[in-house]
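In my numbering, the protein residues as written are 1232 to 1523.
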């Protein structure tokens, strides 16, 4: 029943225009900020930890905007899943850093797309899947009845969804060695055996090792990317950035530090569009003070 309700709700939301969906989302986000709760407190704690020198007023302002933008993302997802692919791609009004793709030729060198929880990551996935035969890691949803719906929505461009298990990871290595393209969310908190601590905004943070190992062992090119929301419901700008030097280092600590720094630089461009509501620091390094 929950899965069927969500599918019906997503279909109804998809009847909205992008501008209307964003307006509703931001209104809900502003209301959520005023009401408080776990997500609001997590946002405040994340911002205080990452920006220790800013004032409390600045934390509140950025936190409120972040909650509004995260809610806007939530209202955009039904559009990305229900609208025709061409209509979604028409929302991209500008591509910044497209020259980074010119050196990539599918079949000769693998490409790892590092897409943090920044802007609209669903649209970023559609953009690249429409250009390349690509694969992305996939975790089944907690809600029963939603898995088929999500897989259908995300694979309608031909994108391959790879499970987050040993078999799936082997598949990712194989795709890159064949010169294919994969997408990874680099700022997810990994399982304990799949991560090591590295600085993120100066805080020792458990960081996934998978992306670093994929790049090290296959020689794949790495690009950091996100779909930046433009003001006034005018669409999005696809942003592509070179990953920080050191990501391909055989020194894992150096590589993970470069990975996190790559994400930090994207966040710095439009910090309000990062998902600060996520408990990125849920695991604390030995000797460190817990953030939450």
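All residues carry an ideal CB built from backbone N, CA and C; glycine is no exception.
By DSSP, does residue i sit in helix, in strand, or in coil?
i, result
"residue 1343", "strand"
"residue 1426", "strand"
"residue 1412", "strand"
"residue 1300", "helix"
"residue 1348", "coil"
"residue 1392", "strand"
"residue 1380", "helix"
"residue 1452", "strand"
"residue 1491", "helix"
"residue 1309", "helix"
"residue 1253", "helix"
"residue 1373", "coil"
"residue 1235", "helix"
"residue 1407", "helix"
"residue 1553", "Lying before the first or after the last residue shown, residue 1553 is absent from the chain, which here runs from 1232 to 1523."
"residue 1420", "coil"
"residue 1247", "coil"
"residue 1398", "helix"
"residue 1512", "coil"
"residue 1477", "coil"
"residue 1462", "helix"
"residue 1295", "helix"
"residue 1484", "helix"
"residue 1258", "helix"
"residue 1522", "coil"
"residue 1333", "coil"
"residue 1285", "coil"
"residue 1385", "helix"
Considering Cα atoms alone, identify which of the options is closest to residue i.
i, options, result
"residue 1510", "1266, 1458, 1352, 1271", "1271"
"residue 1466", "1318, 1297, 1309", "1318"
"residue 1345", "1381, 1489, 1309, 1239", "1489"
"residue 1217", "1353, 1484, 1399, 1407", "In this structure the chain extends from 1232 to 1523, so residue 1217 is not present and cannot be described."
"residue 1389", "1326, 1412, 1429, 1458", "1412"
"residue 1428", "1311, 1483, 1295, 1251", "1483"
"residue 1448", "1430, 1348, 1341", "1341"
"residue 1432", "1241, 1502, 1247", "1502"
"residue 1347", "1386, 1491, 1275, 1391", "1491"
"residue 1477", "1470, 1453, 1504, 1499", "1453"
"residue 1440", "1434, 1323, 1430, 1425", "1425"
"residue 1524", "1512, 1359, 1434, 1306", "The requested residue 1524 is not part of the displayed model; the chain covers only 1232 to 1523."
"residue 1255", "1268, 1298, 1280, 1451", "1298"
"residue 1293", "1276, 1306, 1308", "1276"
For residue i and residue j, what's the separation of their Cα atoms in angstroms?
i, j, result
"residue 1265", "residue 1291", "11 Å"
"residue 1302", "residue 1334", "36 Å"
"residue 1519", "residue 1245", "45 Å"
"residue 1273", "residue 1393", "30 Å"
"residue 1369", "residue 1300", "24 Å"
"residue 1282", "residue 1459", "22 Å"
"residue 1320", "residue 1357", "7 Å"
"residue 1423", "residue 1494", "21 Å"
"residue 1418", "residue 1247", "30 Å"
"residue 1446", "residue 1474", "11 Å"
"residue 1262", "residue 1296", "11 Å"
"residue 1310", "residue 1517", "43 Å"
"residue 1514", "residue 1522", "9 Å"
"residue 1250", "residue 1314", "14 Å"
"residue 1434", "residue 1512", "8 Å"
"residue 1409", "residue 1286", "50 Å"
What residues are listed by DSSP as bridge partners for residue i?
i, result
"residue 1431", "1434"
"residue 1470", "1327, 1457"
"residue 1505", "1349"
Considering residue i, what are the terminal residues of the beta strand (DSSP E) in which it resides?
i, result
"residue 1367", "1365-1369"
Tell me which residue opens and which closes the alpha helix (DSSP H) that residue i is part of.
i, result
"residue 1443", "1441-1449"
"residue 1196", "Any answer about residue 1196 is impossible in this case: the structure gives the chain only from 1232 up to 1523."
"residue 1318", "1316-1320"
Could you tell me whether any non-hydrogen atom of the ligand HEM is closer than 6 Å to the CB of residue i?
i, result
"residue 1406", "The ligand content of the structure shown is nil, which means the ligand HEM is not present either."
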